[in-house]
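Chemist:
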Amino acid sequence: MSPLALLSLSFAMSTDAFAAAVGKGASLHRPRFSEALRTGVIFGLIESITPIIGWLLGRSASTLVENWDHWIAFAVLTGLGLHMVIEGCKHQETPEAVIQRHSFIRLALTAVGTSIDALAVGVGLAFVEVNILLAAGCIGLATLFMVTTGVMVGRSIGSAFGRRTEVLGGVILVLVGAFILNDHISFV
């Protein structure tokens, strides 16, 4: 795989994580760069592990993963997104309701939902000549950069729109899940 193809693949794999990160950043109360970086690291690590898992699965049972990856991503992202919409609708604009930081579990589940496509890419990479560790590392670094940037972009949106941004973030997660599902169904 050429360096340009690997770079393109890396950033393509991080676009849905970027969209989810914008929603996460928008739902926080003025997230600091350290929180954006923490989110980027969590997403980047998970996004770099999933193609390796996919590559290993691709060596043994590729059709199992390819047939279900989009449904898993859709279910995880839609569930998290609907939870954010419900939470955003029931919270009042009070200091106690302001979210300063997302839990590790919430971030990790969102990252898993957005990295299911990287799992499928890993399956595909099992059938071509590629250094999977290099590819996974590049995907992880691109995701770290895109997610950190996405949280900071979300911060700007959150400042402009207040608590309603948690609802917006939830809607973004549901839409990302729907786009993943649509992309896979339309190619069938």
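Going letter by letter, the sequence shown gives residues -19 to -1, 1 to 169 in mature numbering (1 follows the signal peptide of the UniProt record, and there is no 0).
Think of the CB as a built atom: it goes at the ideal place given N, C-alpha and C, for glycine as much as any other residue.
Note that this is a predicted model, so its numbers are computed, not measured.
Can you list, in chain order, the residues of its chain with a C-beta nearer than 6 Å to that of residue 24? Leave out the 5 residues immediately preceding and following it.
Modeler: For the purposes of this step, residue 24 is identified with residue 43 of the sequence shown, where counting begins at 1. Cβ within range, chain order: -3, 92, 124 and 128.
Chemist: Alpha carbon to alpha carbon, how far is residue 70 from residue 62? Give it in angstroms, no decimals.
Modeler: By 1-based counting over the sequence shown, the position of residue 62 is 81. By 1-based counting over the sequence shown, the position of residue 70 is 89. Using only the alpha carbons, I get a separation of about 12 Å.
Chemist: Can you name the start and end residues of the alpha helix (DSSP H) that residue 2 belongs to?
Modeler: The residue given as residue 2 occupies position 21 in the sequence shown. That run of the alpha helix (DSSP H) goes -5 to 8.
Chemist: Which whole-angstrom value is the C-beta distance of residue 104 and residue 39, which I expect to be below 8 Å?
Modeler: The residue given as residue 104 occupies position 123 in the sequence shown. The residue given as residue 39 occupies position 58 in the sequence shown. That pair is a contact at about 4 Å.
Chemist: Could you tell me the boundaries of the alpha helix (DSSP H) in which residue 28 lies?
Modeler: Counting from one through the sequence shown, the residue named residue 28 turns up at place 47. Its alpha helix (DSSP H) spans residues 14 to 39.
Chemist: Apart from the five residues just before and just after residue 34, which ones in its own chain have a Cβ nearer than 8 Å to its Cβ?
Modeler: Here residue 34 refers to the residue found at position 53 of the sequence shown. Excluding sequence neighbours, residue 34 sits near 100 and 103.
Chemist: Mind checking whether residue 157 and residue -1 have CB atoms under 9 Å apart?
Modeler: The residue given as residue 157 occupies position 176 in the sequence shown. The residue given as residue -1 occupies position 19 in the sequence shown. Cβ atoms of residue 157 and residue -1: closer than 9 Å.
Chemist: So, at 8 Å on beta carbons, what are the nonlocal neighbours of residue -9 in its own chain, with the 5 sequence-adjacent residues on each side left out?
Modeler: In the sequence shown, counting from the first residue as 1, residue -9 sits at position 11. Around residue -9: 123 and 127.
Chemist: Checking 9 Å against the spacing of the C-beta atoms, do residue 16 and residue 26 come in under that value?
Modeler: Along the sequence shown, read from residue 1 onward, the residue named residue 16 stands at position 35. Along the sequence shown, read from residue 1 onward, the residue named residue 26 stands at position 45. Cβ atoms of residue 16 and residue 26: not closer than 9 Å.
Chemist: Which one of 36, 49, 88 and 67 has the shortest CA to CA distance from residue 2?
Modeler: As a first step, residue 2 is located in the sequence shown; it is residue number 21 there, counting from the start. Of the listed residues, the one whose Cα sits closest to residue 2 is 88.
Chemist: Can you give the Cα-Cα distance for residue 115 and residue 48, rounded to whole angstroms?
Modeler: To locate residue 115, count along the sequence shown from 1; it is residue 134. To locate residue 48, count along the sequence shown from 1; it is residue 67. Cα to Cα, the separation comes out at about 26 Å.
Chemist: Name the residue from 112, 29, 153 and 64 whose alpha carbon lies nearest to the alpha carbon of residue 118.
Modeler: Taking the first residue of the sequence shown as position 1, residue 118 is located at position 137. Closest by alpha carbon: 29.
Chemist: Give every residue of the same chain whose Cβ lies closer than 8 Å to the Cβ of residue 135, excluding the five residues on either side of it in the sequence, and list them in chain order.
Modeler: Counting from 1 along the sequence shown, the entry for residue 135 is found at position 154. Only 2, 3, 4, 5, 6, 7, 8, 9, 12, 146 and 150 meet the Cβ criterion.
Chemist: Candidates 121, 108, 131 and 18: which alpha carbon is nearest residue 36's?
Modeler: In the sequence shown, counting from the first residue as 1, residue 36 sits at position 55. Nearest C-alpha to residue 36: 108.
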